Structure formats: C-alpha cells, structure tokens
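Our numbering numbers the first residue of the sequence shown as 66 and each following residue consecutively. So the structure is just underneath, and the comments pick up after that.
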Amino acid sequence: MGLINRYIARHILPACLLVLGIILGLDLLIAISEEADAVDKGASFSQVVTYVLYTAPYRIYQFMPLVLLVGALIGLGNLANSNELTVMRAAGITLRRLSLGVLFAIAPLLVINAIVGEYLLPWSQQMALVERAEYRGVAAGKGFWLRDNNSYVFVSAVAPDNSLRGIYRYGFDDQIWQSSSYAKSAVQEKGDWVLYDERIIERSQERIIANVFPQQAWPISLSTDLVAKLGMKPKYLSASDLYEYADYLQAAGINADLFNLAFWKKVLQPLFSFSLVLVAMSFVFGSQRAVPMGQRVLFGVLTGLGFNYAQDILGPASSIFGFSPVVAYLLPIMLCLLMAWRLFKRVN
66 MGLINRYIAR HILPACLLVL GIILGLDLLI AISEEADAVD KGASFSQVVT YVLYTAPYRI
126 YQFMPLVLLV GALIGLGNLA NSNELTVMRA AGITLRRLSL GVLFAIAPLL VINAIVGEYL
186 LPWSQQMALV ERAEYRGVAA GKGFWLRDNN SYVFVSAVAP DNSLRGIYRY GFDDQIWQSS
246 SYAKSAVQEK GDWVLYDERI IERSQERIIA NVFPQQAWPI SLSTDLVAKL GMKPKYLSAS
306 DLYEYADYLQ AAGINADLFN LAFWKKVLQP LFSFSLVLVA MSFVFGSQRA VPMGQRVLFG
366 VLTGLGFNYA QDILGPASSI FGFSPVVAYL LPIMLCLLMA WRLFKRVN
C-alpha cells in the first residue's frame, strides 16, 4: 500500500506546487506593481523587490488551504480522467484507502505550512516592515497600546534593531491621574527593558513634580520578544505570541477578542485545509467521468473562497454577538466535513 501512497503523492504534490507557484507569482507581481510609486519617489527597484519577497511567507501561509484544495482536484482529476482511479477501485482498493493516500500526500505541506506560520512568518514580516520603512522613510510598523499594571503605555514605533521609540506612559490610581512620562527610546538589556531620556510629570499631594532620568528600568511583564512584535497586525504573529498576549490582556481586564480570533484561526488552519481536501476528494470520487480541468479548478476556487469568506465573516461576528471564536472558525470546517460526507455517501 506504500506504493499507492507514493503514486498518489506523485500526482498531487506537483499539482499543489504548480498551483502555489502560479498564485504566489501573480500575487507577488501585483504587490510589486502596487509599490511602484516608491521607485518614482527615490527608492530602488531592488528595495521594493526585497520588501515584497519578505512578505512571501505570509502569502504562502495564507494561500495554502486553497492551494491544497485546487492541487488535490487537479491531481485526482488527472487520475480520474485517465481511468486510473477506476482501475484502483476495481483492484479492490477502497475509497477510505485512497483517501488516506491523499492525506498522506498533503501531510508534508501541512507540516511545512504550520512551521512557516509559527516561526518564519513573524520574522519575515518584521523584516518586511523594516525594509519598507527604510525606502518609504516611515516608522517600521504602527504604534500600539499596552497596559502595564495601572499604567497605559503607547509605543510610537519599533526600530530595526527591535528597540522601541517614543514611549508614552500614563499612570492612574482608582481612575485618577497620577503621572505622565515620555521616553525617547527603550532598549532590551540582559532580558529587561531600559528607558532612555525619560521625562516624568507626577502628582505629589497638591503639587506637580517634573523629573528627568537619563535611563531607568522598565519592569514590564511582557516578554521582550513579544513587545518588539506588537507593532505588527495579529495575523502576522505566531500562535504562541498570540496566546501570550491574549492571556496578558485578559489578566489585565482588557478585551482580547482580536488576538483570540487570530489565535484560533491560526490553530485551526490545518484542520480547515484538511476539510477542504476532503471536499476535493469527494467531488472527484463522486464524478469519475471525464470533467474539464477548468471546471474542476473553478469549483475548487469558488469552494475555497466561499468557506474562507465564511470564516472571515463569522470571526468578527463572534465578537459582536458574543459567541466563542472557536465556534466561529469551526462552523465552516464542520460544513466542509458535512459536504464531503454527503458526497462520499452518494459514491458508496
């Protein structure tokens, strides 16, 4: 049976890689054209290309469910059109066994994509922001807010060396203002953050006192690596970073829905990809007559986009209507599995 697995994989993996190459290539070309105005403003073409290439891991991660769906449709469709699936069935190979062969074929891509999303994507996106900041002349990433015990903190930007720029802190006690401060920068030293050139205005009884500190320790409870990444959008963060920051926000009594949504979408993406491939298998096995390749691809694209849009709609809806983000992202997956089950049932 290992021979069957390898034979199916030799048809599905090249199809998936071909689809990925086409989609990624077109998307990168569009991204380069969108950044073309930077060349007119003094940036070099190589800088623009470097920035766009740094964004490639996110694009690969984002497209992978659709790539697996269309790739499985093309690979299995070729086997069906050449009657090889019919021969396998006639030889006594069950649909269940063929399905396991397909899942065996896509498993390496699922594992690689999970590794990309957890480790490569956050780093590459951070490098992309730095590269774009250099030729655009803007801050790398957008400012973001933090809550540190009774203080609210705004960080203006993250520098290329992961130091922070423009740190504003506002201290309160029982909703009464106690202090305000501004530090030009914050740098990680021996695992802790140190504020530089900090000016503090604080309330002391009936007086307002102003002080200046060349440097001062900042005992923030977040990990230094995560603080440096918070200038990025949640969709670019790893699952572990999303979980850590969502847990931090919830402990501080702050709404963490945005990070919870991104966390569960990332965690459930392999299952979403798996369910789409099951739909592809059920479609091919249920219609082994010759079907034009364009029709299979169109079905795959429409199905993948439809379920992806369903996730994008249900995710924010869970925050508005108060139901779990797990339910929001599991519902399209369950619909995929139900659709595949009904199509498989027709075949049997």
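Even glycine gets a Cβ: it sits at the ideal position worked out from N, Cα and C. Please read these numbers as outputs of a predicted model, since none were measured by experiment.
Name the DSSP bridge partner or partners of residue i?
i: residue 265; result: 246 and 276
i: residue 406; result: Paired residues: none, contrary to the question.
i: residue 260; result: 251 and 281
Drop a sphere of 10 angstroms on the beta-carbon of residue i, count the other beta-carbons inside from all chains shown, and report buried for 16 or more, exposed for fewer.
i: residue 386; result: exposed
i: residue 274; result: exposed
i: residue 99; result: exposed
i: residue 255; result: exposed
i: residue 399; result: exposed
i: residue 298; result: exposed
i: residue 272; result: exposed
i: residue 389; result: exposed
i: residue 244; result: buried
i: residue 266; result: exposed
i: residue 374; result: exposed
i: residue 258; result: buried
i: residue 320; result: exposed
i: residue 361; result: buried
i: residue 411; result: exposed
i: residue 106; result: exposed
i: residue 260; result: buried
i: residue 108; result: buried
i: residue 315; result: exposed
i: residue 142; result: buried
i: residue 157; result: exposed
i: residue 136; result: buried
i: residue 88; result: buried
i: residue 323; result: buried
i: residue 90; result: exposed
i: residue 101; result: exposed
i: residue 369; result: buried
At the level of alpha carbons, what is the spacing between residue i and residue j?
i: residue 129; j: residue 74; result: 17 Å
i: residue 339; j: residue 346; result: 11 Å
i: residue 252; j: residue 402; result: 49 Å
i: residue 326; j: residue 380; result: 6 Å
i: residue 228; j: residue 294; result: 11 Å
i: residue 161; j: residue 154; result: 11 Å
i: residue 328; j: residue 335; result: 13 Å
i: residue 332; j: residue 112; result: 33 Å
i: residue 292; j: residue 396; result: 33 Å
i: residue 407; j: residue 189; result: 41 Å
i: residue 240; j: residue 195; result: 37 Å
i: residue 269; j: residue 302; result: 41 Å
i: residue 344; j: residue 68; result: 24 Å
i: residue 382; j: residue 300; result: 17 Å
i: residue 71; j: residue 173; result: 13 Å
i: residue 296; j: residue 151; result: 54 Å
i: residue 191; j: residue 366; result: 30 Å
i: residue 183; j: residue 304; result: 6 Å
i: residue 391; j: residue 230; result: 36 Å
i: residue 248; j: residue 282; result: 12 Å
i: residue 131; j: residue 372; result: 10 Å
i: residue 218; j: residue 210; result: 6 Å
i: residue 208; j: residue 167; result: 45 Å
i: residue 276; j: residue 312; result: 34 Å
i: residue 116; j: residue 147; result: 43 Å
i: residue 317; j: residue 212; result: 7 Å
i: residue 175; j: residue 185; result: 15 Å
i: residue 309; j: residue 110; result: 38 Å
i: residue 171; j: residue 78; result: 7 Å
i: residue 409; j: residue 350; result: 8 Å
i: residue 394; j: residue 139; result: 27 Å
i: residue 103; j: residue 114; result: 11 Å
i: residue 405; j: residue 242; result: 58 Å
i: residue 149; j: residue 92; result: 34 Å
i: residue 200; j: residue 178; result: 30 Å
i: residue 226; j: residue 97; result: 26 Å
Assuming the contact rule is C-beta atoms closer than 8 Å, residue i and residue j should be a hit. Round their C-beta distance to whole Å, please.
i: residue 262; j: residue 279; result: 7 Å
i: residue 250; j: residue 264; result: Not a contact, Cβ separation roughly 13 Å.
i: residue 306; j: residue 122; result: Actually they are not in contact, since the Cβ atoms of residue 306 and residue 122 sit about 15 Å apart, beyond 8 Å.
i: residue 125; j: residue 85; result: 7 Å
i: residue 223; j: residue 232; result: Their Cβ separation, rounded to whole angstroms, is 11 Å, which puts residue 223 and residue 232 out of contact at 8 Å.
i: residue 214; j: residue 237; result: The pair is not a contact, with the Cβ atoms about 10 Å apart (cut-off 8 Å).
i: residue 119; j: residue 193; result: 4 Å
i: residue 76; j: residue 163; result: With 8 Å as the limit, residue 76 and residue 163 do not qualify as a contact, their Cβ atoms being about 12 Å apart.
i: residue 341; j: residue 94; result: Not really, about 25 Å apart at Cβ, beyond 8 Å.
i: residue 348; j: residue 364; result: 6 Å
### Message
Which complete alpha helix (DSSP H) runs does the region 166-246 hold, if anything under 4 residues is left out?
### Response
Counting whole runs of 4 or more residues, the region 166-246 contains the alpha helix (DSSP H) stretches 186-201.
### Query
At what residue ranges does the region 328-386 contain a whole run of the alpha helix (DSSP H), taking only runs of 4 or more?
Those alpha helix (DSSP H) runs which fall completely within the region 328-386 and span 4+ residues are 358-386.
### Query
For the region 100-125, which segments carrying the alpha helix (DSSP H) assignment without a break, of at least 4 residues, lie completely within its bounds, in sequence order?
Entirely contained in the region 100-125, the alpha helix (DSSP H) runs reaching 4 residues are, in chain order, 101-105 and 110-119.
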